[in-house]
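Enquirer: Protein chains in written order, with full-length UniProt numbering: chain P, 1 to 208; chain B, 1 to 208.
In this text, a Cβ means the ideal position worked out from N, Cα and C, and glycines have one as well.
Before anything else, here's the structure in question.
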DNA sequence: ATAAAAATACCTAAAACTTGGTATTGTTAT
DNA sequence: ATAACAATACCAAGTTTTAGGTATTTTTAT
């Protein structure tokens with residue numbers, strides 16, 4: 001008889017999670033024991049349930065899935081983690097590896113490959129997809145480069161959303177106005193935006 | 001006996017589409033007759049298959065789902081279209097309406113709501129969710145002066161949210177930059193705000 | 001018809017943002 | 001150890017916004 005792997009799905013897109021449940025329900029060696037929409041829900045659930053595997057979306061509003069994975073692996077290394085993401089760039093895959101995950105699956109893969117990947121991981125082999133075309137500049141369209149942001153940069157964004165000038169932000173954080181300006185510049189560059197106004201809209205539309 | 005609605009799912013994330021198929025397979029009044037990962041595949045499929053409904057993701061690599069919806073509705077208005085998106089901002093929902101779609105569902109909704117929405121749409125009622133942004137404080141009594149805004153002022157706000165300078169907005173609307181500046185000033189005054197940045201946040205938090 | 005509101009247009013000075021740099025000090029990953 | 005990233009700080013020129021106005025024309029409602 002086959003193993004019965006207990007799986008928790010973590011994704012802020014409930015619809016995607018609902019779909020995943022049904023995909024895994026096709027097989028009788030998986031059992032989804034829970035769905036969480038954010039890290040808080042996950043930690044809550046982990047108090048009462050011990051999964052064998054966590055399927056973790058790395059872009060969730062307000063939560064950085066990579067950091068979450070890192071924390072999970074630090075305290076519960078025995079739980080396997082497969083990251084799910086709409087990014088396929090080699091950079092993100094590498095960040096995924098560094099966060100301690102056992103696998104990385106882009107959302108462009110299909111149901112069959114997911115099932116195969118889970119079995120691979122549960123049998124002890126990490127699976128990190130080779131980006132199909134490393135030359136291709138990953139064009140995210142609706143996607144978000146927000147995961148590229150550092151902690152301080154996310155903090156700066158909060159002040160921008162509140163309408164703080166760089167001077168006011170600098171005073172609040174006890175750093176130089178020049179530093180705030182540099183952070184702002186770097187944020188715009190990373191997110192490929194042209195102004196703070198675009199940034200604010202971006203922040204709201206991407207739950208930053 | 002219930003209707004048997006023929007559905008095509010269009011999403012570049014195969015995994016999401018695979019999940020949707022299984023969600024719809026729960027019910028016997030839906031039948032997924034195809035999955036497409038882009039507009040080309042969709043048009044191909046439409047040569048041989050006539051669906052009752054198309055579930056259309058609006059963010060697909062290389063394809064603008066909104067434009068696709070607009071084109072579809074122009075040539076095949078009898079086919080219902082429900083847009084799916086990870087955005088919940090009022091902007092995008094409105095753009096969805098303008099593209100001729102019959103409904104708009106964010107990916108944060110769950111399987112049950114999707115099924116309900118499909119039935120609503122197939123029975124002739126359009127469904128456009130009122131997005132509830134967790135950050136949004138629904139506090140109409142409390143001090144939203146937004147009702148004071150004129151039509152033109154609301155229009156100006158849309159350009160501000162898109163990051164347009166007053167000069168660029170003026171060119172777009174064929175009016176003087178001074179006029180745009182005056183509108184901006186009046187908007188800030190009416191809403192008791194101090195900067196365009198605050199205005200943008202206000203706009204998102206009050207579904208403007 | 002007429003008052004109120006909306007939309008238009010103009011002026012100026014100060015403050016803030018944008019852009020294109022350079023550069024040092026820590027920390028992290030390989 | 002050494003490359004890459006994060007956080008810090010600085011400079012300058014040009015653009016945009018902000019805040020104080022005034023003022024005319026068009027639309028809307030009573």
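Which residues in chain B sit within 7 Å of residue 195(P), going by Cβ to Cβ distance?
Expert: 163
Enquirer: Return helix, strand or coil for residue 55(P), following the three-state DSSP convention.
Expert: strand
Enquirer: When we look at the beta-carbon of residue 44(B) and count the other beta-carbons within 10 Å, is it buried (16 or more) or exposed?
Expert: exposed
Enquirer: Buried or exposed: residue 205(P), going by 16 or more other Cβ atoms within 10 Å of its Cβ?
Expert: Of the other Cβ atoms in all chains shown, 16 or more fall within 10 Å of the Cβ of residue 205(P); this residue is therefore buried.
Enquirer: What would DSSP say about residue 39(P), mapped onto helix, strand or coil?
Expert: In the three-state reduction of the DSSP assignment, residue 39(P) falls in the helix class.
Enquirer: With DSSP as the reference, identify every bridge partner of residue 64(P), one or two as the case may be.
Expert: 59(P)
Enquirer: Check this for me: beta carbons of residue 156(B) and residue 169(B), under 8 Å apart or not?
Expert: Yes.
Enquirer: What's the call for residue 124(B), buried or exposed, on a 16-neighbour Cβ count within 10 Å?
Expert: exposed
Enquirer: Pick out whichever of 103(B), 108(B), 194(B) and 59(B) has its Cα sitting closest to the Cα of residue 73(B).
Expert: Of the candidates 103(B), 108(B), 194(B) and 59(B), the one whose C-alpha sits nearest the C-alpha of residue 73(B) is 103(B).
Enquirer: Are the C-beta atoms of residue 204(P) and some chain B residue less than 8 Å apart?
Expert: yes
Enquirer: Round the Cβ separation of residue 4(B) and residue 26(B) to the nearest angstrom and send it over; I've been treating them as touching at under 8 Å.
Expert: With a beta-carbon spacing of about 14 Å, residue 4(B) and residue 26(B) fall beyond the 8 Å limit used to define contacts.
Enquirer: On the DSSP letters alone, give me the boundaries of the alpha helix (DSSP H) that residue 192(B) sits inside.
Expert: In the DSSP assignment, residue 192(B) falls outside any alpha helix (DSSP H), carrying neither H nor E.
Enquirer: Roughly how many angstroms separate the alpha carbons of residue 134(B) and residue 208(P), rounded to a whole number?
Expert: Here the model assigns residue 134(B) a pLDDT of 32, short of 50, so the residue's position is not dependable, and the following value carries that caveat. Taken atom to atom, the span from the alpha-carbon of residue 134(B) to that of residue 208(P) is near 12 Å.
Enquirer: Roughly how many angstroms separate the alpha carbons of residue 202(P) and residue 8(B), rounded to a whole number?
Expert: Roughly 30 Å between the two C-alpha positions.
Enquirer: In this structure, does DSSP put residue 16(P) in helix, strand or coil?
Expert: helix
Enquirer: If contacts are defined as beta-carbon pairs under 8 Å, then residue 99(B) and residue 46(B) qualify, I think. What distance do you get, rounded to the angstrom?
Expert: About 17 Å; that fails the 8 Å criterion.
Enquirer: Could you name the residues of chain P that residue 55(B) contacts, counting a contact when the two beta carbons are closer than 7 Å?
Expert: Those do not exist, as residue 55(B) stays about 10 Å from chain P at its closest Cβ, beyond 7 Å.
Enquirer: What residues from the UniProt domain "Response regulatory" (6 to 122) of chain P come within 7 Å of chain B, judged by C-beta to C-beta, listed N to C?
Expert: 12, 13, 14, 15, 16, 18, 19, 20, 22, 23, 86, 107, 108, 109, 110, 111 and 114
Enquirer: Per the DSSP calculation, residue 156(B) is bridged to which residue(s)?
Expert: Answer is none; residue 156(B) lacks a bridge partner.
Enquirer: Using C-beta distances below 7 Å, list every residue in its chain close to residue 193(B), excluding the 5 sequence neighbours before and after it, in chain order.
Expert: 199 and 202
Enquirer: With distance defined between alpha-carbon atoms, name the residue in 122(B), 58(B), 117(B) and 196(B) nearest to residue 78(B).
Expert: 122(B)
Enquirer: Which residue wins for smallest C-alpha separation from residue 86(P), given the options 152(P), 105(P), 165(P) and 76(P)?
Expert: 105(P)
Enquirer: Can you tell me which of the three DSSP states residue 164(B) falls into?
Expert: coil
Enquirer: Between residue 153(B) and chain P, is there a C-beta pair that is closer than 8 Å?
Expert: no
Enquirer: Indicate whether at least one CB of chain B lies closer than 8 Å to the CB of residue 132(P).
Expert: Caution is warranted here: a pLDDT of 38 is assigned to residue 132(P), below 50, making its placement in the model unreliable, and the coordinate value is therefore given only provisionally. No, no contact with chain B.
Enquirer: Note down, in chain order, each residue of its chain lying with its Cβ closer than 8 Å to the Cβ of residue 50(P), except the 5 sequence neighbours on either side.
Expert: 6 and 79
Enquirer: Give the single residue among 48(P), 167(P), 24(P) and 54(P) whose Cα lies nearest to the Cα of residue 38(P).
Expert: Looking only at 48(P), 167(P), 24(P) and 54(P), the smallest Cα-Cα distance to residue 38(P) is reached by 54(P).
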